[in-house]
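Notes to accompany the following structure.
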Amino acid sequence: MELIYSAQKSDFDPQKRYRNPEHFERPEAGVTSVLVVGEWPNVVDAYENIGVEVVVKDVARVLFVGAGDNKAELEELIGKLRIESDTIRAVIDGLDTGEIEKPEAGELAIRLFYALDGIRLQMVDLAVARDELAAENEKLRVELEALKAGESQEVEALKAKLDAAGVTYRANASKESLEKLVADLTKA
């Protein structure tokens, strides 16, 4: 059995078994291999001491560049990041409700707003184009119906001439064949 020791809070693979290394007391029986995510030397040592293969995966560390040892600068940076995060969340929440407003602060939130607003404007243009095409389609449908009705009247007139002359024709004869039969009447 393989075990993964990780302090992660989400994104678990349902096919694997996880343990939180913060709660590690002793190795579990029946374990054949261990993956340790992060620095947990007590877990690594305990399993290596009983001959279990252990693989350690390093975790990316966050490094504040340029902040030095100044706690005030770090707190200010964290505050700015929180504001940025909050404004992005406000844009997303607005998107969920169907109405977004331009944020007053936060470079990323403002960029996100403009990107989403650009998409909204494109959707409006597409809706207008769709409506125009639908109106044009309806107009063409009406014209086609009128043409069909006119052709139907012409076919009925041709059939009436042939009936009057006693000429037989197929019930589903095309307009062209009826016209030829009527033309043959005048030749005879």
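Residue numbers (this note's numbering): 125 to 312. Beta carbons: idealized from backbone N, C-alpha and C, even for Gly. These numbers were taken from a predicted model, which means no experiment stands behind them.
Return the first residue and the last residue of the beta strand (DSSP E) that tyrosine 129 is part of. As a first step, residue 129 is located in the sequence shown; it is residue number 5 there, counting from the start. It spans 126 to 129 - the beta strand (DSSP E) in which tyrosine 129 sits, taken as one unbroken run.
Taking the alpha-carbon of leucine 309 as reference, which of Ser298, Glu146, Gly290 and Ala253 has the nearest alpha-carbon? By one-based count along the sequence shown, residue 309 stands at place 185. Out of Ser298, Glu146, Gly290 and Ala253, Gly290 has the C-alpha closest to the C-alpha of leucine 309.
Segment limits, alpha helix (DSSP H) that includes lysine 181: Here residue 181 corresponds to residue number 57 of the sequence shown, with the count starting at 1. Here lysine 181 belongs to no alpha helix (DSSP H); instead the beta strand (DSSP E) covers 177 to 181.
Looking only at its chain, what residues have a beta carbon closer than 7 angstroms to the beta carbon of aspartate 220, apart from the 5 residues adjacent to it on each side? Position 96 of the sequence shown holds residue 220. Nothing listed; no residue qualifies.
For isoleucine 174, which option in Lys140, Glu199, Ala153 and Val160 has the closest C-alpha, if you only look at C-alpha atoms? Walking along the sequence shown from the start, residue 174 turns up at place 50. Considering only alpha carbons, the answer is Ala153.
Count the other CB atoms, across all protein chains shown, that sit within 10 Å of the CB of valine 248; report buried if there are 16 or more and exposed otherwise. Counting from one through the sequence shown, the residue named residue 248 turns up at place 124. By the neighbour-count rule (16 or more Cβ atoms within 10 Å), valine 248 is not buried but exposed.
Could you tell me how far apart the beta carbons of valine 161 and serine 130 are, in whole angstroms, since I believe they sit closer than 8 angstroms? For the purposes of this step, residue 161 is taken as residue 37 along the sequence shown, with counting starting at 1. For the purposes of this step, residue 130 is taken as residue 6 along the sequence shown, with counting starting at 1. Yes, they are in contact, since the Cβ atoms of valine 161 and serine 130 sit about 4 angstroms apart, within 8 angstroms.
Go ahead and pull the three-state DSSP assignment for serine 209. Along the sequence shown, read from residue 1 onward, the residue named residue 209 stands at position 85. Helix at serine 209.
Would you say the stretch 255 to 267 touches the stretch 223 to 241, given that touching needs at least three Cβ pairs under 8 angstroms? no
Tell me where the beta strand (DSSP E) around valine 158 begins and ends. Taking the sequence shown and counting its residues from 1, one reaches residue 158 at position 34. Looking at the DSSP string, the run of the beta strand (DSSP E) that includes valine 158 is 157 to 161.
Compare the Cα-Cα distances from glutamate 228 to each of Ile207, Gly274 and Ile216 and report the closest residue. As a first step, residue 228 is located in the sequence shown; it is residue number 104 there, counting from the start. Nearest C-alpha to glutamate 228: Ile207.
Taking the alpha helix (DSSP H) that tyrosine 238 falls in, what are its first and last residues? Locating residue 238 in the sequence shown gives position 114, counting from the first residue. Segment 231 to 289, the alpha helix (DSSP H) holding tyrosine 238.
Expressed to the nearest angstrom, what Euclidean distance is found between the alpha-carbon atoms of valine 266 and arginine 254? Stepping through the sequence shown from its first residue, residue 266 is reached at position 142. Stepping through the sequence shown from its first residue, residue 254 is reached at position 130. Cα to Cα, the separation comes out at about 18 angstroms.
From what residue to what residue does the beta strand (DSSP E) around tyrosine 293 run? Numbered from 1 along the sequence shown, position 169 holds the residue referred to as residue 293. Premise fails: tyrosine 293 is in no beta strand (DSSP E) and is neither H nor E.
What residue from Asp287, Leu245, Val155 and Ser298 has the CA that sits closest to alanine 170's CA? For the purposes of this step, residue 170 is identified with residue 46 of the sequence shown, where counting begins at 1. Out of Asp287, Leu245, Val155 and Ser298, Val155 has the C-alpha closest to the C-alpha of alanine 170.
State the CB to CB distance for the pair leucine 302 and leucine 271, rounded to an integer number of angstroms; the pair is presumed to be in contact (CB under 8 angstroms). The residue you call residue 302 lines up with position 178 of the sequence shown. The residue you call residue 271 lines up with position 147 of the sequence shown. Actually they are not in contact, since the Cβ atoms of leucine 302 and leucine 271 sit about 17 angstroms apart, beyond 8 angstroms.
Find out if the Cβ-Cβ distance for the pair lysine 285, valine 306 is shorter than 8 angstroms. The residue given as residue 285 occupies position 161 in the sequence shown. The residue given as residue 306 occupies position 182 in the sequence shown. It is a contact, given that the beta carbons lie within the stated cut-off.
Spatially closest choice to arginine 150 from Val167, Ser157 and Glu199, by CA coordinates: To locate residue 150, count along the sequence shown from 1; it is residue 26. Minimum Cα distance to arginine 150 is reached at Val167.
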